[in-house]
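> Quick note, the sequences are listed as chains A and B, same order.
Going by this note's numbering, the first sequence opens with residue 1, and the numbers climb by one from there.
Going by this note's numbering, the second sequence opens with residue 1, and the numbers climb by one from there.
The structure is given below, and queries will be raised subsequently.
There are 2 protein chains.
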Amino acid sequence: MAAEQDPEGRAAARPLLTDLYQATMALGYWRAGRARDAAEFELFFRRCPFGGAFALAAGLRDCVRFLRAFRLRDADVQFLASVLLPDTDPAFFEHLRSLDCSEVTVRALPEGSLAFPGVPLLQVSGPLLVVQLLETPLLCLVSYASLVATNAARLRLIAGPEKRLLEMGLRRAQGPDGGLTASTYSYLGGFDSSSNVLAGQLRGVPVAGTLAHSFVTSFSGSEVPPDPMLAPAAGEGPGVDLAAKAQVWLEHVCAHLGLGVQEPHPGERAAFVAYALAFPRAFQGLLDSYSVRRSGLPNFLAVALALGELGYRAVGVRLDSGDLLQQAQEIRKVFRAAAAQFQVPWLESVPIAVSNNIDEEALARLAQELVAVGGQPRMKLTEDPEKQTLPGSKAAFRLLGSDGSLLMDVLQLAEEPAPQAGQELRVWPPGAQEPCTVRPAQVEPLLRLCLQQGQLCEPLPSLAESRALVQLSLSQLSPEHRRLQSPAQYQVVLSERLQALVNSLHARASP
Amino acid sequence: MAAEQDPEGRAAARPLLTDLYQATMALGYWRAGRARDAAEFELFFRRCPFGGAFALAAGLRDCVRFLRAFRLRDADVQFLASVLLPDTDPAFFEHLRSLDCSEVTVRALPEGSLAFPGVPLLQVSGPLLVVQLLETPLLCLVSYASLVATNAARLRLIAGPEKRLLEMGLRRAQGPDGGLTASTYSYLGGFDSSSNVLAGQLRGVPVAGTLAHSFVTSFSGSEVPPDPMLAPAAGEGPGVDLAAKAQVWLEHVCAHLGLGVQEPHPGERAAFVAYALAFPRAFQGLLDSYSVRRSGLPNFLAVALALGELGYRAVGVRLDSGDLLQQAQEIRKVFRAAAAQFQVPWLESVPIAVSNNIDEEALARLAQELVAVGGQPRMKLTEDPEKQTLPGSKAAFRLLGSDGSLLMDVLQLAEEPAPQAGQELRVWPPGAQEPCTVRPAQVEPLLRLCLQQGQLCEPLPSLAESRALVQLSLSQLSPEHRRLQSPAQYQVVLSERLQALVNSLHARASP
Chain A
1 MAAEQDPEGR
11 AAARPLLTDL
21 YQATMALGYW
31 RAGRARDAAE
41 FELFFRRCPF
51 GGAFALAAGL
61 RDCVRFLRAF
71 RLRDADVQFL
81 ASVLLPDTDP
91 AFFEHLRSLD
101 CSEVTVRALP
111 EGSLAFPGVP
121 LLQVSGPLLV
131 VQLLETPLLC
141 LVSYASLVAT
151 NAARLRLIAG
161 PEKRLLEMGL
171 RRAQGPDGGL
181 TASTYSYLGG
191 FDSSSNVLAG
201 QLRGVPVAGT
211 LAHSFVTSFS
221 GSEVPPDPML
231 APAAGEGPGV
241 DLAAKAQVWL
251 EHVCAHLGLG
261 VQEPHPGERA
271 AFVAYALAFP
281 RAFQGLLDSY
291 SVRRSGLPNF
301 LAVALALGEL
311 GYRAVGVRLD
321 SGDLLQQAQE
331 IRKVFRAAAA
341 QFQVPWLESV
351 PIAVSNNIDE
361 EALARLAQEL
371 VAVGGQPRMK
381 LTEDPEKQTL
391 PGSKAAFRLL
401 GSDGSLLMDV
411 LQLAEEPAPQ
421 AGQELRVWPP
431 GAQEPCTVRP
441 AQVEPLLRLC
451 LQQGQLCEPL
461 PSLAESRALV
471 QLSLSQLSPE
481 HRRLQSPAQY
491 QVVLSERLQA
501 LVNSLHARAS
511 P
Chain B
1 MAAEQDPEGR
11 AAARPLLTDL
21 YQATMALGYW
31 RAGRARDAAE
41 FELFFRRCPF
51 GGAFALAAGL
61 RDCVRFLRAF
71 RLRDADVQFL
81 ASVLLPDTDP
91 AFFEHLRSLD
101 CSEVTVRALP
111 EGSLAFPGVP
121 LLQVSGPLLV
131 VQLLETPLLC
141 LVSYASLVAT
151 NAARLRLIAG
161 PEKRLLEMGL
171 RRAQGPDGGL
181 TASTYSYLGG
191 FDSSSNVLAG
201 QLRGVPVAGT
211 LAHSFVTSFS
221 GSEVPPDPML
231 APAAGEGPGV
241 DLAAKAQVWL
251 EHVCAHLGLG
261 VQEPHPGERA
271 AFVAYALAFP
281 RAFQGLLDSY
291 SVRRSGLPNF
301 LAVALALGEL
311 GYRAVGVRLD
321 SGDLLQQAQE
331 IRKVFRAAAA
341 QFQVPWLESV
351 PIAVSNNIDE
361 EALARLAQEL
371 VAVGGQPRMK
381 LTEDPEKQTL
391 PGSKAAFRLL
401 GSDGSLLMDV
411 LQLAEEPAPQ
421 AGQELRVWPP
431 GAQEPCTVRP
441 AQVEPLLRLC
451 LQQGQLCEPL
461 PSLAESRALV
471 QLSLSQLSPE
481 HRRLQSPAQY
491 QVVLSERLQA
501 LVNSLHARAS
511 P
């Protein structure tokens, strides 16, 4: 994996990526003399997306990058001045020019850890005016990242740990950066790679890809490559005209499959030969540009067997339309028979990849049979913006059983002592009439101090490290909470003191 | 409206924002000696989104910006080299370094014009290798932009021409640029403004916004503003303590409404006063932080009447929860009664804005009653990637009746003569067994030459000009095609020669 690099910092969000009402409210606070009041806000969600019982916290690295670079440039302040009323006090704009995050403190769920409804993903505190300006960009950076990571984790759960999952949704993404974000967080959530090259360059996501139908159909078969010769894989011995060699193999293959030698499309074969000349060690055949059975499959076998003679092994085939499962099963049979017929055992296990609108349901069906699938996460933002929030600054803990499984998350007031392992604790499940007691074998504090007065408290994990944490976190979740359809709800409970505060506020609000 | 500016060009997509298979295919073409073969591809969609019968072409400006800046930097080429196989011919990378769009020609539907299934939004021609690298980024730039613009145009059709539509979806957008794109193209499609400040700064979208619940709830009522005095609107005469003045009015208002003077929340009133001190000419009350009837409304009236005494008029109220229509109707009644009671006629017509999950259905209900609504487009990409495309380079024409209404679009081979106004034409509707004849009163060529050999052929229209074209285009569409639910399908027909070519290819493909 390449290192993450973004020398121009272009991937970072900018300070003006905010709603205007944040700026008008900032002026309101400033005019009211409250710009430097201590303030805190929390980002969280109310319902898990996709009908599941868990979500994954993601986007923290982008938030930290954004916060550390946060500074309104002259052009930004001038633009805000042009939008606000002309008689706005110039001292307000001077104040904006001086803003940065040097007094901002952030606590957060670690990137890639499990997140449950109501538990803050991010707690941001600092002077009221600056904290207000940060709210929209941080929401924007966290909510979509968490959604995509959660979606990817669900697809990984369906596929199991061994299948290769390739994300290739860029064409349908919400604009350039929508695509960059989706590729990055699909990887974090459990995909193996992305087709998005920029995600590789800027974020270090492993990239993968071979060829599309347009490549295949752009060849008629009459093209003459400038250099048709391919040297053997071992590098020794004379080169071979790959097209001619494939033509010889085509006759054997067609005889074996009971096809006329003129049936497979010559343009498709020329495309396969051209691709194999460029990528002899990474030849993959896209089988469904014409007919899979009468053209794609025999052409692939002809080129793969020709490459095989030179010591190269084809890396796979791909299907992109039709009944993927049924075709894949038929292809596997053909590979087995051809491996026996031509005495090339490796042909038996050539990977079959499938793509095209693979959702959770289709993946569940496919995962039983196949080795690699290319998914495209559906991106649906289901977090509900919170309109009534729990009061006060909170702390959050995860309680675990003696076998390391997750019992519940506890929200409490920041000033309360932390729950202790092995000690009984009285907590309020949501909507309960009475508290219940729990005795956790382990207690984990959930919110880690990430940025203190603008300073990074510990190095951020790499994308790959966070990706590993996702899989570790999911393994701690019990099967009934991990289930993707109709899961048991994971409990997020309140401490007695927090519940009492909520009750007293409710009583005050309903006279 | 501010001018569009992006001095760092950061809003432009970058060359590596592409799928890796485009790069691997490029190497395949290069190895096959076909890098400079003449090639053309078209971007189009198969089905209109949202169940409608039309879409809007959008994203062309971003495409042109991308194409004109297209150039692989050294770091880009090095990254590709690190991803491809180590024994890749270095001459390929030299070729990549030399690439630009100086031989690329683009024809396109004008930004903001109507687009129908099968009619190309973009035709891109040039050397095969470079054209292949452009496909993914152009798809990414066009499809989401067109989708958002179409969605916005539908909401505008529902709302009618007079209502103010404000887009504020940034918090839920697909990452930073997903939000920038959505805000820009919501405006193009017919929204009046966006809350996204960056869209204002970079794209010249009018921005708007006032305050959110967090502002209101952050005040307890015990705050003392450093300067509570507000000068009269006319600028003459002594300033007045706005908080004290609002307190006096509160007693009148509560007496009028039959409420106790202690019922309205003092923190909400302090927030309104603070906001009014900062924006005396743009005071808007967000009414639903506590109780609309018992708190938000009397507090708004108290502050608005205090401002009114100083010669300022409140610009409106906003509701963000609950039954928006019913509450709005009740508020209008209260405004009318208060206007009569306190003899301030302008109060009668204070605009009522609503927001919160407004989709097409909710908007249709609201549009009958209200003046301004804040929408959040649902973003669902429904274009189907094309797997079987019509052959050959095509031209497209729009046929109009004598009253200027749209009859149908015609696709034909590029080399055919254009249809002539007043002359009979034989065309094939999709799936028809026989051709039909049509005699258009006017004929418009649809695809405009936009970039020729890398050179811009005519200045691009501004975002606001394209926005005006959207409304003009929609006005030409007949009501049965413009209808949002179960519309009549607009016909896209083939010329006789194109139909014959399709038939011959079908015959060849099915032996």
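Ideal Cβ positions, reconstructed from N, Cα and C, are used throughout, including at glycine.
None of the values given here were measured: they were computed from a predicted structure.
Excluding the 5 residues flanking GLY200 of chain B on each side, which residues of the same chain have their C-beta closer than 8 Å to its C-beta?
ALA2, SER194, PRO206 and VAL207
> Does GLY375 of chain A pass the burial test, meaning 16 or more other C-beta atoms within 10 Å, or should it be called exposed?
In this prediction, GLY375 of chain A has a pLDDT of 38, which is less than 50 and means its spatial position is unreliable; nothing more can be read from the coordinates.
> Do you know how far the Cα of VAL130 of chain A is from the Cα of LEU20 of chain A?
14 Å
> Alpha carbon to alpha carbon, how far is ASP241 of chain B from LEU165 of chain B?
35 Å
> Hey, is VAL512 of chain B's beta-carbon within less than 7 Å of any beta-carbon in chain A?
As displayed, chain B neither begins before 1 nor continues past 511, which places residue 512 of chain B out of reach and without an answer.
> Jot down the residue ranges of each uninterrupted beta strand (DSSP E) in the stretch 424 to 465 of chain B, minimum 3 residues, whole runs only, in chain order.
425 to 428, 436 to 438, 442 to 445 and 448 to 452
> Counting Cβ pairs, one atom from each stretch, are 3 or more of them under 8 Å apart for the stretch 287 to 303 of chain B and the stretch 38 to 52 of chain A?
no
> Straight-line CA distance for ALA314 of chain A to ALA233 of chain A?
Those two C-alpha atoms are separated by around 12 Å.
> Compare the beta carbon distance of GLU167 of chain B and SER143 of chain B with 7 Å and say whether it is the shorter of the two.
no
> Note down, in chain order, all residues in the stretch 154 to 180 of chain A with a beta-carbon under 9 Å from any beta-carbon belonging to chain B.
MET168, LEU170, ARG171, ARG172, ALA173, GLN174, GLY175, PRO176, ASP177, GLY178, GLY179 and LEU180
> Report the neighbours of ALA23 of chain A on chain B: residues whose CB is nearer than 8 Å to its CB, in chain order.
VAL197 and GLY209
> For the alpha helix (DSSP H) containing ASP62 of chain A, name the first residue and the last one.
60 to 69
> Which residue comes first and which comes last in the alpha helix (DSSP H) that contains PHE335 of chain A?
324 to 342
> Anything in chain B within Cβ reach of ALA278 of chain A, meaning under 7 Å, just list it in chain order.
LEU27, GLY28 and ARG31
> Residues bridged to ASN196 of chain A by DSSP?
B:ASP19
> Could you check what DSSP says for ALA519 of chain B in three-state terms: helix, strand or coil?
As shown, chain B starts at 1 and ends at 511. That puts residue 519 of chain B outside it, with no answer to give.
> Who are the Cβ neighbours of LEU411 of chain B in its own chain at under 8 Å, not counting the five residues just before and after it?
GLY118, VAL119, LEU390, LYS394, ALA395, ALA396, VAL492, VAL493, LEU494, SER495 and LEU498
> Does VAL493 of chain B come out as helix, strand or coil in the three-state DSSP assignment?
strand
> Considering only DSSP beta bridges, list what ILE352 of chain B is partnered with.
B:VAL317
> Given this structure, state the Cα-to-Cα distance separating VAL502 of chain A from PRO445 of chain A, to the nearest angstrom.
22 Å
> Using a C-beta cutoff of 7 Å, does GLN376 of chain A count as contacting chain B?
Caution is warranted here: a pLDDT of 35 is assigned to GLN376 of chain A, below 50, making its placement in the model unreliable, and the coordinate value is therefore given only provisionally. It does not; no Cβ of chain B falls within 7 Å.
> 7 Å is my cut-off, CB to CB: does CYS101 of chain A come that close to chain B?
Using a CB distance cut-off of 7 Å, CYS101 of chain A does not count as an interface residue toward chain B.
> In the DSSP output, which residue or residues are listed as bridge partners for GLN123 of chain A?
A:GLU42 and A:ARG107
> Going by the CB atoms, is the gap between SER113 of chain A and VAL148 of chain A shorter than 7 Å?
A distance of 7 Å or more separates the beta carbons of VAL148 of chain A and SER113 of chain A.
> With DSSP run on the structure shown, which of helix, strand or coil describes PHE397 of chain B?
strand
> With distances taken Cα to Cα, identify the nearest neighbour of ALA231 of chain A among A:GLY311, A:LEU139 and A:ALA500.
A:GLY311
> Report the option in B:TYR490, B:VAL273 and B:LEU17 whose CA atom is closest to the CA atom of ARG398 of chain B.
B:TYR490
> When burial is assigned at 16 or more other CB atoms within 10 Å of the CB, is MET229 of chain A buried or exposed?
exposed
> Helix, strand or coil for LEU128 of chain A, going by three-state DSSP, please let me know.
helix
> Since ASP76 of chain A is in the alpha helix (DSSP H), which residue starts that stretch and which ends it?
Where ASP76 of chain A is concerned, the enclosing alpha helix (DSSP H) stretches over 74 to 83.
> Quick one: what's got a C-beta closer than 7 Å to ARG448 of chain B's C-beta in the same chain, skipping five residues either side?
ARG107, ALA108 and PRO110
> For CYS254 of chain B, is the classification buried or exposed, using 16 other Cβ atoms within 10 angstroms of its Cβ as the cut-off for buried?
Burial call: buried.
> List the residues of chain B that TYR312 of chain A touches, going by C-beta distances under 7 Å, in chain order.
In chain order: nothing, as chain B lies at least about 12 Å away.
> Using a Cβ-Cβ cut-off of 6 Å (strictly less than) and excluding sequence neighbours within five positions of GLY221 of chain B, which residues of its own chain qualify?
Cβ within range, chain order: PRO266, GLY267 and ALA270.
> Please report the distance separating the alpha-carbon of PRO487 of chain A from that of GLY404 of chain A.
Approximately 20 Å between the Cα atoms of the pair.
> Among A:ILE158, A:LEU27 and A:THR210, whose alpha-carbon lies nearest the alpha-carbon of MET25 of chain B?
Closest in alpha carbon position to MET25 of chain B, among A:ILE158, A:LEU27 and A:THR210, is A:THR210.
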